[in-house]
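These notes concern the structure reproduced below.
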Amino acid sequence: MSYDFHAPTALAEALELAAAYGEDAHFMAGGTSLVLLMGQGLVRPGHVVGLRGLTELRGITKDADGTLRIGALVTHREAERSPEVRAHCTALGDTFGHVATVRIRNQATLGGNLVHADPAQDPPPMLLALDASLSVASRSGERSVALDGFFTDTFATALEPGEIVREIRVPPLATGARACYLKFLPRTADDYATVSVAAVASGGIVRVALGGVGPTPLRARAVERAIASGAAIGDAVAAVVDDIDPLDDGRGSAAYKRTMARVWTARALREVLG
Amino acid sequence: MKLEHRVTVAAAPDRVWAYLMDLPLAARQIPGIESVELVGTNQYRGRLRVQIGPVRLAFEGDISLEERDDHAKTATLRGEGADRASGGGVRASVRIALDPADGPTAATEIALSTDVQLGGRIAELGQPLIKRKADQVLQAFGENLKRELT
Amino acid sequence: MSVHRIRFTLNGEPREVTASADRLLVDLLRDDLGATGTKKGCAVGVCGSCSVLVNGELVSACLYPVVYVDGAAVTTVEGLASPDGSLAPLQEAFIVHGGFQCGICTPGQLVAATALLAERPRPSERDISRWMMGNICRCTGYAGIRQAIRAAGGDRP
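Protein sequence lines correspond, in order, to chains A, B and C.
First residue of the first sequence: 916, per this note's numbering; consecutive thereafter.
First residue of the second sequence: 355, per this note's numbering; consecutive thereafter.
First residue of the third sequence: 616, per this note's numbering; consecutive thereafter.
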């Protein structure tokens, strides 16, 4: 590895650096993913733009309308322990706590997690089920991107070159809403899930999202439609196979993951609807 | 890893065969292809770019056209290339077979049987992800052929 | 490759180093600063043998860029005992309760447990499991490690 490291202290500066170096520059937030990728020789930037100096991206606040706003540079550990996050949705706080080990959670940021876009990560399904959106900054301004659709492929997102995720926005939940995140991992507790399911029942609407069963984290729309049309949970989860496309890998065969997706989606739905 | 693809194009087998056997021409339909040049009898040199998220690969290597049977319209392509930046390599063979397809107008079914292996650092991405990527590239190639050969 | 002047404290002692952009904390500690207590096991942040504290937070030194250590307080296993050499209660507990055999994971276990007890002085079994699960041990079967943490945490049997 051989690169120049830059430490901007403001978002505008970081965006300028990315524009200046183009494809040869890579952002580094917490660093857990990028250090590994560079160590493997798979990513070889000439310039690394460190984002930790962007303190404006580190806060957790709640808008007057109840929207939870989490800065992209908030670490998983901060989010896991945040009273604001837990008050908004306990399951969301728990989800951040499911990530890897406390060491990783102390260093890795939420923005970095989303941009890394591994389909088996924990936060994305929960945030998808909560209908979260992202505020994305570029030199031409800011745009809002629904998280649903943000993940375009494994390790790929809808970010344009030079864009930075500013914050994650989680809309308010209806009174009496229920949410859960279930992580099925038959191997060690610090691993990614074999299959994970997030379910949210809020204001009569049920959203279900899965991780580890496709090229990206995904909303289980066939299941959601079945529930919305009044199907029993057992019948609705049969539709999950229409939503997913798992791979055979070390965490399980595709067939096993399809079975587990049904089982764990049913459990998640019983938890929020039962 | 083995991959199977079939695509039906709206052109007669003779025309499709002639097109495919002009490798530099047909290769233009492969997403990420930078060049394929004839360097000897049935020998080619190619450059292909593939991106998996932040990982950018640039393969450069040799391709040979073998077991060509113009009557049966079958052939095998064998290629071996390296990504200089990561030191990883790719080895692939593609068996091409054409069959006339049913229908009122001229049509050909193209069958591609691919065996591809990635080695070196790239293998760290995991064979399942690599397989999905190879599948995407071949799928797109088929779709591009369909658009091109009408 | 850019080069950076990094000022930080190591176990309370002020240090100043010049490090290239890609230098990782585990290599700086072991190769440049003689602090070989921190071990390089898997080098991918999984095994926990490189556990250190940065500003009191438990991290993997093998994933931590040195450029991120500027202005920080770094604690390694060498910093757990008192300046006069007397061991911390946690270290004594590891000896008394058989918390180590070969010792290769032990610095990481001690640093991780130190951070746990700082955050939660009387950890429950679940707290210990969840916190310490990232520190892998090949020898002990973990019972001695748990016992030591329980003992140091004030649950004296």
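Glycine is no exception: its CB is placed at the ideal position from the N, C-alpha and C atoms.
- The beta carbon of L1188 of chain A sits closer than 6 Å to the beta carbons of A1116 from its chain, once the five residues preceding and following it are set aside; these are given in chain order.
- In the DSSP annotation of this structure, the continuous segment of the beta strand (DSSP E) that includes V448 of chain B starts and ends at G442 to P454.
- DSSP places I384 of chain B outside both helix and strand once states are collapsed to three, so it counts as coil.
- Residues of the region 1056-1079 of chain A whose Cβ lies closer than 7 Å to any Cβ of chain B, in chain order: T1069, F1070 and A1071.
- Proximity of N1028 of chain A to chain C, defined by a Cβ-Cβ separation below 9 Å, is not satisfied.
- Annotation for G1118 of chain A: A1089 place their beta carbon closer than 6 Å to its own, counting only its chain and skipping 5 residues before and after.
- Excluding five sequence positions before and after E1057 of chain A, the CB atoms of its chain that fall closer than 8 Å to its own CB belong to S1050, V1051 and R1081, given in chain order.
- Counting C-beta atoms within 10 angstroms of its own C-beta, I1019 of chain A has 16 or more neighbours from the protein chains shown and is therefore classed as buried.
- In the three-state reduction of the DSSP assignment, D919 of chain A falls in the strand class.
- In this structure C717 of chain C is exposed. Its beta-carbon is surrounded by fewer than 16 other beta-carbon atoms within 10 angstroms.
- Annotation: Cβ neighbours of G956 of chain A in chain B (cutoff 8 Å, chain order): A439, S440, G441 and R475.
- Here K655 of chain C carries a coil assignment [DSSP, helix/strand/coil].
- Listed in chain order, the positions of the region 400-411 of chain B with a beta carbon within less than 9 Å of a beta carbon of chain A are Q405, I406, G407, P408, V409, R410 and L411.
- Using a Cβ-Cβ cut-off of 8 Å, V682 of chain C is close to F920, A922 and G965 of chain A, given in chain order.
- Excluding the 5 residues flanking it on each side, V1085 of chain A has same chain C-beta neighbours closer than 6 Å at L983, L1045 and A1047, in chain order.
- Pairwise C-beta distances place the region 373-390 of chain B out of contact with the region 469-476 of chain B, as fewer than three of them are shorter than 8 Å.
- For A1104 of chain A, the closest of C:T691, C:V711, C:G769 and C:R741 by C-alpha to C-alpha distance is C:R741.
- Between the alpha carbons of G686 of chain C and A446 of chain B lies a gap of roughly 51 Å.
- Nearest CB-CB separation between D1033 of chain A and chain C: not below the 9 Å threshold.
- Around the CB of H941 of chain A, 16 or more other CB atoms lie within 10 Å, so the residue is classed as buried.
- A direct Cα-to-Cα measurement between L1042 of chain A and H1013 of chain A gives close to 14 Å.
- With the rule of 3 Cβ pairs closer than 8 Å, the region 406-415 of chain B counts as touching the region 433-443 of chain B.
- Three or more Cβ pairs drawn from the region 1124-1136 of chain A and the region 1165-1185 of chain A lie within less than 8 Å of each other, which places the two stretches in contact.
- By the Cβ rule, the region 918-925 of chain A counts as touching the region 954-964 of chain A, because three or more pairs are nearer than 8 Å.
- Judged by DSSP secondary structure, V1060 of chain A falls within the beta strand (DSSP E) whose first and last residues are G1056 to A1061.
- For T624 of chain C, DSSP records a beta bridge to C:P629 and C:A688.
- For C752 of chain C against I764 of chain C, the beta-carbon gap comes to about 13 Å, at or over 8 Å, which does not count as contact.
- Listed as beta-bridge partners of Y398 of chain B by DSSP are B:L392 and B:I417.
- If you draw a 10 Å sphere on the C-beta of A488 of chain B, you find 16 or more other C-beta atoms in it, and that means buried.
- Pairing V632 of chain C with S675 of chain C gives a Cβ-Cβ distance that is not under 9 Å.
- When 8 Å is used as the limit between beta carbons, H941 of chain A is near these residues of chain B: P408, in chain order.
- The beta carbon of A727 of chain C sits closer than 8 Å to the beta carbons of G663, S666, L673, W746, M747, G749 and N750 from its chain, once the five residues preceding and following it are set aside; these are given in chain order.
- Note: L466 of chain B is bridge-paired with B:H359 and B:I450 in the DSSP secondary-structure output.
- Restricting attention to beta strand (DSSP E) runs no shorter than 3 residues, the region 1007-1049 of chain A encloses none.
- Secondary structure note for Y1096 of chain A: its beta strand (DSSP E) is the uninterrupted segment R1093 to F1099.
- For I1148 of chain A, the enclosing alpha helix (DSSP H) has its first and last residue at I1148 to A1151.
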